[in-house]
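Student: Pasting a structure below so you can have a look.
Chains as they are written, first to last, in the working numbering: chain A, 2 to 326; chain B, 2 to 326; chain C, 2 to 326.
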């Protein structure tokens, strides 16, 4: 963190030769292991600063356009808080469906308009590739906050950062992904990100919701040890990180099949007796029934702390692309 | 008000031993008369500061999550302004119905998520008891901004503060509540709050919209002198505070009954000739036809100033629960 | 721009005798040529400051109520950014249709409520005359951000400022307005504003979408040279400013007529070969097909820069009516 400035108008000199200055954050595939280590180091500094002073003026005078074509209270609030904890301002744009977009304006034009008003653009959009399209036309850095079934890189980064902060390291860990591994954007991105480390991954899911083979092959080529299971008991005892996702009824053609499997993917204090004492349970939230509220007070329940780590990661990314870290 | 700090990151030391630090504001029934006097004293200081400097940095670096499950422009704007006039920031969350809530997230999880992002949570929710539920799970203070037909304590506080600021004191006053006293959340809460003072209360309403007997009994036990009327003329001349609410057509089974009574509950310059010169007319707003616009310029029309007092009360509460007052 | 203050609470002394202090911005017809020159001078200073420092604290501690009864991402974001680049805060009010307005509150009461919370009110409303009505009741300055088919004065000001900044002057220019000149609020207001200068105006439109005769007569009385055309080729070569608007299908009773004329009002690199090298193409945005994206990289394409000039004009107006310029 730089020290405080003399000139209140320019609290910290723009570091235009900073490595991430002006960069877009579009996909987990853009990061090297060194990138992750840098991001996590900055995010850790953010954590220390927030715990010590709450808010500080690193991005004072900077403006974030928070452009959400579909609602997401959690992600939107997280970026808003990240910007405000850094002393910056936010232009909230949640009503896109009713406004110039419905009059037929293209995403490139919308982004070029916001270019004038903001210093960085966070984009949530239902279409795959929209963030890359926006980044092509924007002069200002674009951060992808989810483009449909495509990418949600800041979620994957916060997931990995949570593991790092909670367990001290990622190398050497056994990660178990549980639930709907077929449609879950977050588990796909996290698996790809973890492949930069030396981890073992277990996939536990109903037969029809298995991790897509192309992702398993991609990780295999990188030498990641992976196994597939339908029953959590087989891998829970050796698991360091249990990443839970919801098995949704609507994914099943036959409701009877759903009924027969659903209880196998619900985390309760009883189930967790078989797990280590030092391990963590994660979840991208919102959580419905797949983790019992009875487990919330267990120290291994990391899913609410995970939200907080998300704040630090987003603070780090904002500071980096604005040349302040 | 504390003096200005040396360290711009920590403008005012957190007063963690301040009496209201971290407290929730959930119900009028939580306040003693001493509490009210403290709140009003802080709110009066806020008034002086706003009149003198407009905005000041008492809560610089603090973040308010303004969580509205149902829209209320007035209350939402009032809290936003209160936070901004104190130099703090706001995360506006108005679109809850479209976002993670519709994906089935529970209020406790939403609140625990916001816990990470904000320093204080203001909650408006259609269900009775929701604010207490939120407060149970939130680490940060929760301020109830209306939970259905339950409570709206900051409205009652601003009503009482209005009386205090406009007339100098509350003890000894004659307060007349007019209109729909059966369904009006604001008159119920105000009556309870006023019972901490030595007041006389007149209830004037159509027969079918009388003040609920349990409230009358509750105040009776506290020794409050109360009378019920159907005609305003009977009590207007001795009234110090006339609190007007709307008599809505839809409350009446028989439209003819509504037509026969409605004009008796409309305030006009003509009607007000019978009132004292030094008294005030209040209204929780929005006002429709129940107070004639012709009366707006009368110095006794306090309903717009009432909104302003609301700002000061909310500034006071925010500062108090954040340990800055 | 004033220099920095000693007292952080009052960064710049209120200049209550400043010529625009407390004024409303309601209509282009309120401006003299001297007014425009003053606004443009302040807007130019804003441009220099934004390019140099991005954001500065001229309006620190001031609050803008951004009151939008109908959505307009572009205008709303522009005012939000303008306020934030000046260090001020914003109360965003976009959900008006769901809130107290739907409970029947009148615009005057809404405005008087916001009076307490904000220092300046920006109003977008679907009804003609609403801004004037709001200004009548508000103690704080009101800026009209579009009242139905009425006025949108800040759009006209930014259009004229764009011409001034891009071409250095307005006197002596030939301005061609193209497309739907009958229903286009922006071209009506711009024509009126340009009549304060010595310009020549060409109107190019389909027969059924000609500039209303009352506007042509109004400008004639002021000595403005005007000509009407249906074909752009007739005037493009001598045009200094080409102001493009969309010809919408729904304006035509007979679709065949629309099909026969529409291509004549589309700007492409090919069409623009006949234009000067030193001229500009403007558009109020959103743009759909009426300007080809192939033309966007041409230096004469000024429509995205136009958005940026809008930011400076709105910063200037906010500073002026708040007594800071």
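In this text, a Cβ means the ideal position worked out from N, Cα and C, and glycines have one as well.
Everything numeric in this text was worked out from a predicted model, so none of it was measured.
1) Do residue 174 of chain C and residue 143 of chain C have their beta-carbon atoms positioned less than 9 Å apart in this structure?
2) Tell me which residues of the stretch 116-135 of chain C have at least one Cβ-Cβ distance to chain B shorter than 9 Å, keeping chain order.
3) Using the three-state DSSP reduction, which class does residue 296 of chain C fall into: helix, strand or coil?
4) Could you tell me which chain A residues have their CB closer than 7 Å to the CB of residue 93 of chain B, listed as they occur along the chain?
5) For residue 245 of chain C, tell me which candidate among C:106, C:51, C:285, C:196 has the shortest Cα-Cα distance.
6) Does the distance from the C-beta atom of residue 204 of chain B to that of residue 227 of chain B stay below 9 Å?
7) Going residue by residue through the stretch 170-247 of chain A, where are the continuous beta strand (DSSP E) segments of at least 3 residues, counting only ones entirely within it?
8) Pick helix, strand or coil for residue 348 of chain A, following the three-state DSSP scheme.
9) Given this structure, state the Cα-to-Cα distance separating residue 4 of chain A from residue 50 of chain C, to the nearest angstrom.
10) Looking at the structure shown, is residue 36 of chain A part of a helix, part of a strand, or coil, going by DSSP?
11) In whole angstroms, what separates the C-alpha of residue 188 of chain A from that of residue 27 of chain B?
12) Under the rule that 16 or more other beta-carbon atoms within 10 Å means buried, what is residue 126 of chain B, buried or exposed?
13) So is residue 62 of chain C in contact with chain B if we call contact Cβ pairs under 9 Å?
14) So within the stretch 136-173 of chain A, which uninterrupted beta strand (DSSP E) runs reach at least 3 residues, ignoring any that extend past its ends?
15) Of the residues A:320, A:301, A:193, A:155, which one's Cα is nearest the Cα of residue 217 of chain A?
16) Look at the alpha carbon of residue 39 of chain A and the alpha carbon of residue 57 of chain A, and state the distance between them as a whole number of angstroms.
17) Report the CB separation of residue 316 of chain A from residue 146 of chain A in whole angstroms; it is logged as a contact under 8 Å.
18) Within a Cβ cutoff of 8 Å, which residues of the same chain sit near residue 72 of chain C, ignoring the five residues on either side of it in sequence?
19) Report the residue from B:318, B:293, B:152, B:170 whose alpha carbon sits nearest the alpha carbon of residue 191 of chain B.
20) Is the CB of residue 58 of chain B under 9 Å away from at least one CB in chain A?
21) Would you mind telling me which residues of chain A sit closer than 9 Å to residue 86 of chain C, beta carbon to beta carbon, in chain order?
22) In terms of alpha-carbon separation, which member of A:88, A:90, A:167 lies closest to residue 308 of chain A?
23) Give me the DSSP bridge partner(s) of residue 125 of chain C.
24) Looking only at its chain, what residues have a beta carbon closer than 6 Å to the beta carbon of residue 241 of chain B, apart from the 5 residues adjacent to it on each side?
25) Sort A:154, A:60, A:210, A:163 by Cα distance to residue 42 of chain A and report the nearest one.
26) Name the one or two DSSP bridge partners that residue 256 of chain C has.
27) With C-beta atoms as the reference, is residue 24 of chain A less than 9 Å away from residue 321 of chain A?
28) Kindly say whether residue 106 of chain A, judged by its beta-carbon, lies nearer than 9 Å to any beta-carbon of chain C.
29) At 7 Å on the CB atoms, spell out the chain C contacts of residue 309 of chain B, in chain order.
30) Between residue 286 of chain C and chain A, is there a C-beta pair that is closer than 9 Å?
31) Going along the chain, which residues of its own chain have a beta-carbon closer than 7 Å to the beta-carbon of residue 11 of chain C, five neighbours each way excluded?
32) Taking residue 148 of chain C as the query, report the chain B residues whose CB atoms sit under 9 Å from its CB, ordered along the chain.
33) Assuming residue 1 of chain A is part of the alpha helix (DSSP H), what are its boundary residues?
34) Need the endpoints of the beta strand (DSSP E) that residue 93 of chain B sits in, please.
35) Could you tell me if residue 103 of chain C is buried or exposed, where buried requires 16 or more neighbouring beta carbons within 10 angstroms of its beta carbon?
Tutor: According to the data block:
1) no
2) 116, 117, 118, 119, 120
3) helix
4) 93
5) C:285
6) yes
7) 175-179, 201-205, 226-230, 242-245
8) Here chain A covers residues 2 to 326 and nothing more, so residue 348 of chain A does not appear.
9) Any answer about residue 4 of chain A is weak, because its pLDDT of 33 lies below 50 and its placement is not dependable; what the coordinates show is given next. For residue 4 of chain A and residue 50 of chain C, the distance between alpha carbons rounds to 24 Å.
10) helix
11) 40 Å
12) buried
13) yes
14) 143-148
15) A:193
16) 21 Å
17) About 14 Å; that fails the 8 Å criterion.
18) 95
19) B:152
20) no
21) 62, 64, 90, 118
22) A:167
23) C:69
24) 174, 175, 280
25) A:163
26) Paired residue(s): none; residue 256 of chain C is not in a bridge.
27) yes
28) yes
29) 117
30) yes
31) At residue 11 of chain C, the pLDDT of 34 sits below 50, so the modelled position is not reliable; the number obtained from the coordinates is stated separately. Cβ neighbours of residue 11 of chain C beyond the five flanking positions: none.
32) The premise fails here: residue 148 of chain C is roughly 19 Å from chain B at the closest Cβ pair, so nothing lies under 9 Å.
33) Past the edges of chain A, shown from 2 to 326, lies residue 1 of chain A, and the structure says nothing about it.
34) 90-94
35) Here the model assigns residue 103 of chain C a pLDDT of 48, short of 50, so the residue's position is not dependable, and the following value carries that caveat. Counting Cβ neighbours within 10 Å, residue 103 of chain C comes out exposed, since fewer than 16 surround it.
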